[in-house]
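Peer 1: One structure is given below, represented as structure tokens, and several questions about it will come after.
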Amino acid sequence: MAYAGSEKLVFSIDLGTTNSGISFAHLEPGSAPRVRSVTRWPGQEDAAGDSKLPTLVRYQHGVPIAFGADALESPDMDGEEPSHLAKWFKLHLHPQSMRVASNLDVPALPPGVALKKVYADFLEFLFNHAVEFFQSSSHDGARIWSRLGDSFVLVLATPNGWDAVQQGFLRDAVLRAGILPEDLSTEDLHERLQFVTEAEASVHFALEHTRGARWLGPGTNFAVLDAGGSTVDTTVYRCTAALPKVLLEEVTGSECVQAGSVFVNRDAEHFLRLRLANSKFGTDEYINEMMDVFEKKTKRRFDGSDDPSVIAFGRMQDNDPSVGISRGRITLSSEEVKLAFQNSLTDILASCERIIERSQRICDVVLLVGGYADSAYMRTMLSEKITLRGIQFVTVDDGTKKAAAEGATIWYTKQLVQARAVRAHFGLALSPLYKDTSELHRRLQRERPAAKSTWEDGFTRIGPLFGSLVSKHELVRADGRKRNTYVKTYSTKPELSVMDDFSLQIYAVDGDDVPDWLYLPGDRILADGLRRVCMISGDLSGLHKVLKKETNKDGKDYWAINYAVEVSFGMTALHAELQWEENGISKKSPLQLIPDSFV
């Protein structure tokens with residue numbers, strides 16, 4: 036289908052735990068978009084055509100000295116400060132709930148190097164190399180870049196379990212890297228830096244590479260299982276139209292579990308350390324050599340057969356018969372390798388069961404994508420378990436490609452998903468008018484008598500309570516919005532400067548039970564299960580002219596303004612807007628979202 040928008044360049048990055056990738060497209064009106072991936076990376080000259088590179092940064096004196104495959108080689112020399120490798124640093128950005136649940140020993144960051152610097156350095160390297168690749172591999176690439184390089188769009192793919200907190204962190208890292216100018220307006224920044232979940236990017240990749248699939252049609256329900264380095268994301272979609280364009284909507288809130296390929300590595304390493312605890316080959320150096328071979332060969336090739344797996348890690352003279360090491364090789368039985376996969380596969384299958392049961396629909400097909408899908412054993416086990424339910428299992432991947440990176444650019448051009456299911460309860464602080472007829476209000480007043488108070492307008496309110504904006508698993512259309520109206524009161528007419536600082540906190544509940552109260556009794560600590568997501572901020576000074584003088588029921592004057600805040604939950608990133616009326620004319624202004632700290 037021909038592209039109908041304005042000419043532009045789009046770059047999409049999937050920064051994964053173990054591997055990353057970047058794709059791009061030169062969009063021209065009237066031409067069908069052609070999505071390409073960067074397939075040449077420094078240090079990977081022998082892997083031409085592979086769009087993946089290791090997510091690694093090597094630092095010395097706090098300065099990045101090597102990236103990707105080049106970072107694997109240590110340049111350390113005697114007398115110099117040793118260099119330090121930043122690896123698996125994506126795990127540091129996971130929400131606290133995911134970090135606790137994973138029980139994974141995350142490698143420490145290099146001394147004196149903050150996480151945001153690592154992200155900024157790696158994103159800068161990825162993007163600059165992608166621009167060089169585009170210019171050198173595209174017809175008239177340098178001239179196109181000179182014309183469109185100041186207006187490109189950047190799309191970042193993120194796990195299902197991330198939200199505005201992680202998006203805000205990444206937004207700051209992109210600006211710190213100098214990829215986008217820091218003086219962009221809020222609207223321009225939202226337009227030029229966009230986010231999509233890895234699962235949604237992957238469904239676009241999967242459908243692009245299964246075009247003409249007979250199983251897809253209106254009413255078809257299917258799941259996309261994106262198995263990556265750290266997270267495994269599962270989303271169930273329903274096809275609402277196939278012609279002239281495929282249209283999809285999510286059926287229920289997606290799943291995101293910490294069960295990616297690094298957890299297979301973790302359990303394999305744990306087993307090796309136990310076996311070699313009393314051997315000279317149990318040192319970090321030898322274990323790291325073994326794990327490097329396990330990662331590159333054993334994990335991918337193992338298919339579940341009874342044949343043992345041999346890890347060649349050392350020299351011919353390296354022997355220790357007591358632990359199964361002969362001529363620099365250690366042999367693992369089939370059962371031992373299966374144990375390394377067991378916890379990961381158990382969590383993945385449980386996640387699939389949960390979302391399929393929750394969707395309350397017959398799932399026709401499960402599509403498997405992601406780097407972890409390179410594992411033959413993982414594919415075999417998932418296929419066996421899923422097909423037992425009468426569900427077709429399809430692996431849609433190319434081992435040389437990053438599905439989410441390519442899919443993110445396809446997503447930008449096609450936008451197949453028309454409705455999304457919210458993964459948590461979202462809401463804000465609420466102090467509603469107290470009603471004697473409300474059993475809930477009477478109960479809350481008994482619980483906390485001091486929470487009932489009279490405001491400037493003379494009305495009695497109770498709070499602060501958690502006021503739900505959208506419920507967990509609720510289906511919200513891409514153009515759907517949640518609108519709340521507010522009245523802000525002042526005992527005296529405020530100066531203009533007093534109104535220029537407006538803010539509103541958005542909270543989330545990841546669990547199923549929603550608390551009544553916003554805070555625990557007697558203090559300002561959030562109620563159990565609540566977390567801060569972001570602050571919506573804006574300037575209310577434009578409403579100064581619509582302030583109204585009112586008189587409450589006690590005859591006291593006060594000043595009030597009426598306004599509304601509209602929040603969009605149906606897009607891949609939160610957006611908010613301030614709305615009010617001025618002389619009968621509707622006015623609106625975008626609001627800035629300031630994410631809470633991820634720590």
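With the numbering used here, letter number 543 in the sequence shown gets 578, and the count goes up by one each step, no holes. For each residue, glycine too, the CB sits at the ideal point set by N, CA and C. Small disclaimer: the values here were computed from a predicted structure and weren't measured.
#1: Can you give the Cα-Cα distance for SER603 and HIS305, rounded to whole angstroms?
#2: Beta-carbon within less than 6 Å of SER502's beta-carbon, same chain only, minus the 5 sequence neighbours each way: which residues are those?
#3: Going by Cα to Cα distance, which pick from ALA262, ARG516, ALA177 is closest to LEU44?
#4: Between LYS622 and ASP574, what straight-line distance do the alpha-carbon atoms span, to the nearest angstrom?
#5: Residues bridged to VAL328 by DSSP?
#6: Are the beta-carbon atoms of ALA439 and SER237 separated by less than 8 Å?
#7: With a threshold of 7 Å, establish whether the CB of ALA438 neighbours any heavy atom of the ligand PLP.
#8: Just checking, does the stretch 186-198 make contact with the stretch 220-230 on the three C-beta pairs under 8 Å criterion?
#9: Per DSSP, what are the beta-bridge partners of SER621 in this structure?
#10: Give the list of continuous alpha helix (DSSP H) stretches no shorter than 4 residues that lie fully inside the stretch 116-191.
#11: Give the straight-line distance between the Cα atoms of ARG362 and ASN300, rounded to the nearest whole angstrom.
#12: Comparing C-alpha positions only, which one of ALA262, ALA485, SER55, VAL286 sits nearest to VAL511?
#13: Can you tell me the Cα-Cα spacing of TYR554 and VAL533, whole angstroms?
#14: So for ASN195, helix, strand or coil by DSSP?
#15: In three-state terms, what does DSSP make of THR52?
#16: Would you mind working out which of LEU626, PHE169, GLY605, LEU578 sits nearest ASN618, comparing C-alpha positions?
#17: What runs of the alpha helix (DSSP H), each 4 residues or longer, lie entirely inside the stretch 368-454?
#18: Closest to HIS119 by CA distance: which of LEU128, ASP140, ILE179, HIS96 is it?
#19: Do LEU126 and SER655 come within 8 Å of each other at the CB atom, strictly closer than that value?
#20: Let's see if you can read the secondary structure: which residues bound the beta strand (DSSP E) around GLU42?
#21: Which residue comes first and which comes last in the beta strand (DSSP E) that contains THR269?
#22: Taking the straight line between their C-alpha atoms, what separation do you get for ILE365 and LYS280?
#23: If you check the beta carbons only, do THR524 and ALA595 fall under 8 Å apart?
#24: Measuring CB to CB, does ALA303 end up less than 8 Å from PHE329?
#25: Determine the contact status of ILE635 and LEU161, defining contact as a CB-CB distance below 8 Å.
#26: Tell me, which residues are paired with GLY573 by DSSP?
#27: To the nearest angstrom, report how far apart THR74 and ASP49 are at their CA atoms.
#28: Residues in the same chain with beta-carbon distance under 8 Å from GLY605, minus the five sequence neighbours each way, listed in chain order, please.
#29: Opposite THR74 in the DSSP bridges: which residues?
#30: Figure out for me which residue from SER340, GLU419, LEU242 has the closest Cα to the Cα of ILE445.
#31: For the beta strand (DSSP E) containing VAL98, name the first residue and the last one.
#32: Using only CA atoms, which one of GLN627, VAL401, ASP536, VAL457 lies nearest to LEU423?
#33: Just how far apart, CA to CA, sit ALA67 and ILE360?
#34: If you measure between the beta carbons of CYS398 and ASN256, is that distance less than 8 Å?
#35: Apart from the five residues just before and just after SER296, which ones in its own chain have a Cβ nearer than 6 Å to its Cβ?
#36: Check HIS610 in the structure and name its three-state DSSP category.
Peer 2: Let's see:
#1: If I take the Cα positions, the gap works out to 45 Å.
#2: Reading off the sequence shown, one finds Gly at residue 502, where the question assumed Ser. Closer than 6 Å at the Cβ level, and outside the excluded window around GLY502, lie GLY462, LEU463, LEU465.
#3: ALA177
#4: 13 Å
#5: The partner list for VAL328 (beta bridge, DSSP) is empty, contrary to what the question assumes.
#6: yes
#7: Annotation note on the ligand PLP: not contained in the displayed structure, which lists no ligands.
#8: yes
#9: GLU616
#10: Within the stretch 116-191, the alpha helix (DSSP H) runs of at least 4 residues that lie entirely inside it are, in chain order, 131-137, 150-172, 176-183.
#11: Approximately 23 Å between the Cα atoms of the pair.
#12: VAL286
#13: The straight-line gap from Cα to Cα measures roughly 27 Å.
#14: coil
#15: coil
#16: Checked all of LEU626, PHE169, GLY605, LEU578; the closest Cα to ASN618 is LEU578.
#17: 369-394, 411-422, 438-449
#18: HIS96
#19: Outside the displayed span of the chain (36 to 634) sits residue 655, for which this structure offers no information.
#20: From DSSP, GLU42 is part of no beta strand (DSSP E); its letter is neither H nor E.
#21: First-last of the beta strand (DSSP E) with THR269: 266-276.
#22: 53 Å
#23: yes
#24: yes
#25: Here the chain has residues from 36 to 634 only, and residue 635 is not among them.
#26: DSSP lists PHE537 as the bridge partner or partners of GLY573.
#27: 14 Å
#28: ALA454, ARG455, VAL511, ARG512, ALA513, ASP514, GLY515, ARG516
#29: The secondary-structure analysis by DSSP pairs THR74 with nothing; it has no beta-bridge partner.
#30: LEU242
#31: 98-102
#32: VAL401
#33: 56 Å
#34: yes
#35: The residues are GLY264, TYR407.
#36: strand
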